[in-house]
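Here's the structure we're looking at; comments come further down.
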Amino acid sequence: MIMIKADDHSGYMQLALDEARKSPPKATNFCVGAVLVDLSCNRVLATGYTLELPGNTHAEQCCFMKLADQLGVPEERLKDVLPSEMALYTTVEPCSKRLSGNLPCVERVLRLADSIKTVYVGVMEPETFVNNSGKKSLQDAGISVVRVQGLEAEILKVATAGHNNT
Ligand code: HJL
Ligand code: ZN
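For the sequence shown, the UniProt record's numbering begins at 1 and goes up steadily by one.
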């Protein structure tokens, strides 16, 4: 098992980026990776990447859906069964709006606002599809949003792999 030190935010972001690389390139979204960490024991609770689960699924959404499945609760009830101190790492800022109209990831994170203390993001969402206000919504709910520096170029390259970049 991979051991990443608790304060090694670049290490966790690198893990999220490794997840993002598994996402099948698609012109109408970004390929994103996410990692949810239990801060009490510095353990990875779940990883996820865009389109990992059937349907039009986002990375953060996959983290939550996989955990809900493992723990035998609906995603809306995860707050009752998850640890009280968690951090979410995501290569791209969690979405506040989706062109598809699906439930944005920010809404899913906000359900866990008492226990997700910090969201670490690699890049803010580019304005390709929507104008994302995810960072503000998270901060308004008392969640810290922290940019992890250093992997931006690689994160954007992976995120836009399915776009027509000519
Ligand atoms: C984040 C993801 C993902 C996006 N953002 N944080 N995680 N794919 O896994 C944001 C982008 C949406 C488009 C299209 N991408 O994906 O704004 O079809 O992908 O629901 O708005 O929406 P759908
Ligand atoms: Zn999303």
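A virtual CB, placed ideally from N, CA and C, is assigned to each residue, including glycine. Fair warning: this is a prediction, and the values are worked out from it, not measured in the lab.
For the UniProt domain "CMP/dCMP-type deaminase" (7–145), which segments carrying the beta strand (DSSP E) assignment without a break, of at least 3 residues, lie completely within its bounds, in sequence order? The UniProt domain "CMP/dCMP-type deaminase" (7–145) contains these whole beta strand (DSSP E) runs: 33–38, 43–49, 86–92, 116–123.
Shortest alpha-carbon distance to residue 20 belongs to which of 3, 156, 82, 83? 156
Kindly provide the chain-ordered list of residues whose Cβ lies closer than 5 Å to any non-hydrogen atom of ligand 2. 58, 95, 105
Quick check: what's the CA-CA separation for residue 73 versus residue 161? 34 Å
8 Å Cβ cutoff met for residue 145 and residue 119: yes
Within 8 Å, do at least three Cβ pairs link the segment 120–135 to the segment 61–75? no
Given 7 Å as the limit, tell me if residue 36 has its C-beta closer than that to any heavy atom belonging to ligand 1. no
How many Å lie between residue 66 and residue 165 at the Cα? The alpha-carbon atoms of residue 66 and residue 165 are separated by roughly 32 Å.
What is the residue span of the alpha helix (DSSP H) that residue 153 lies within? 152–159
Any heavy atom of ligand 1 closer than 7 Å to the beta-carbon of residue 47? Not under cutoff, so the answer is no.
Buried or exposed, going by whether 16 or more other CB atoms sit within 10 Å of the CB of residue 131? The C-beta of residue 131 has fewer than 16 other C-beta atoms within 10 Å across all chains shown, which makes the residue exposed.
If I measure Cβ to Cβ from residue 46 and keep anything under 7 Å in the same chain, skipping five residues before and after, which residues do I get? 36, 63, 66, 67
If residue 151 and residue 15 are in contact, beta carbons under 8 Å, what's the gap, nearest whole angstrom? Actually they are not in contact, since the Cβ atoms of residue 151 and residue 15 sit about 11 Å apart, beyond 8 Å.
To the nearest angstrom, report how far apart residue 40 and residue 6 are at their CA atoms. 10 Å
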